[in-house]
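In UniProt numbering, the protein residues as written are 1 to 192. Backbone N, C-alpha and C fix where the C-beta goes; we use that ideal spot for every residue, glycine too. Keep in mind that this is a model prediction, so the values were computed, not measured.
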Amino acid sequence: MSKRKNTTSSIPSKTPKHWSLGLIASMKDPNSIIKNTEKVVVIKDKYPKAKVHYLVLPHEEINSIYKLNKSHISLLEEFGNIFKELKEENESELRAGFHAIPSMQRMHMHVISTDMISTSLKTKIHWNSFCTKFFIPYDELLQELKDIGNIRKIPSELHTSLMKTPLQCNQCSFKPKNMPELKDHLLKHQLL
Ligand code: AMP
Ligand code: ZN
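What follows is the structure in structure tokens.
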């Protein structure tokens, strides 16, 4: 990434911001927001990986889970309250958690339904980022924060191996050969 500073005044003010800042823009977009409290905002995930997929973000400028410390425990507890509210408001079964290595800035918690049915769910990496240990459940993250006061980064070898995990249905023991087979199979769970 270039560290060069842009000192010219000829750059139009609408120069696109880096893609990793997209959530910060969506936090201000009334069409994205579904809840807004004193401490947190809930937005719709722009590329949902299931029928219900929200992101819970703090107003406080916390870049990622790696910046959390014990002073953020009450904020995390607020995330838990929001998750409870969302479960009460939705008929789908919901999970809450964090990607071990997030790609977008501003710390965020995923709240996602277990159906995993969405046209935006395309790749094995998408699947494994929600259906392996790469997805840190909310309770586990809060416990780690309470126990050791910070969130440890996973080693890059573990990241690589989690992304290579063979496909496995999240609702039964079926092991699909590829993503089209997995997506067909997920639809069958809807009929049960
Ligand atoms: P991650 O950083 O890997 O935990 O996930 C980032 C999430 O943000 C993904 O689920 C994306 O689909 C979602 N996303 C990407 N860009 C936007 C955006 N501009 N507004 C809302 N959600 C987004
Ligand atoms: Zn299954």
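- Shown here for ASN170: same chain residues with a beta carbon closer than 7 Å to its own, the five before and five after excluded, namely THR114, MET116 and CYS131 in chain order.
- In the DSSP assignment, MET109 falls within the beta strand (DSSP E) that extends over 109 to 113.
- A Cβ-Cβ contact shorter than 8 Å links PRO102 with ILE65.
- Between the C-alpha atoms of SER92 and VAL52 there is a straight-line separation of about 8 Å.
- Straight-line measurement puts the Cα of SER20 at about 13 Å from the Cα of MET27.
- Excluding its 5 nearest sequence neighbours in each direction, TRP127 has C-beta neighbours in its own chain below 8 Å: MET116, LEU121, LEU167, MET179 and LEU182, listed in chain order.
- Using a cutoff of 7 Å, the CB of CYS169 counts as near ligand 2, since one of the ligand's heavy atoms is closer than that.
- Within 7 Å of the C-beta of CYS131 there is not a single heavy atom belonging to ligand 2.
- In the same chain as LYS87, and ignoring 5 residues on each side of it, the C-beta atoms closer than 8 Å to its own belong to LEU94, in chain order.
- Beta-bridge analysis with DSSP links PRO58 to VAL40.
- Under the three-state reduction of DSSP output, ILE117 falls in the coil class, being neither helix nor strand.
- Among the bridge pairs identified by DSSP, PHE135 is matched with HIS99.
- In terms of side-chain proximity, the C-beta atom of ILE62 is found no nearer than 7 Å to any non-hydrogen atom of ligand 1.
- As far as DSSP is concerned, ILE151 takes part in no beta bridge.
- DSSP, read as helix, strand or coil, puts HIS53 in strand.
- Within the DSSP bridge table, the entry for LYS35 names VAL42 as partners.
- Setting aside the 5 residues that flank it on each side, LYS84 has no residue in the same chain whose C-beta is closer than 8 Å to its C-beta.
- Taking non-hydrogen atoms of ligand 1 into account, the C-beta of MET104 is found less than 7 Å away from one of them.
- Cβ neighbours of ASN90 within its own chain (closer than 7 Å, five residues either side excluded): VAL52.
- Membership of ASP184 in the alpha helix (DSSP H) is indicated by the continuous run 179 to 191.
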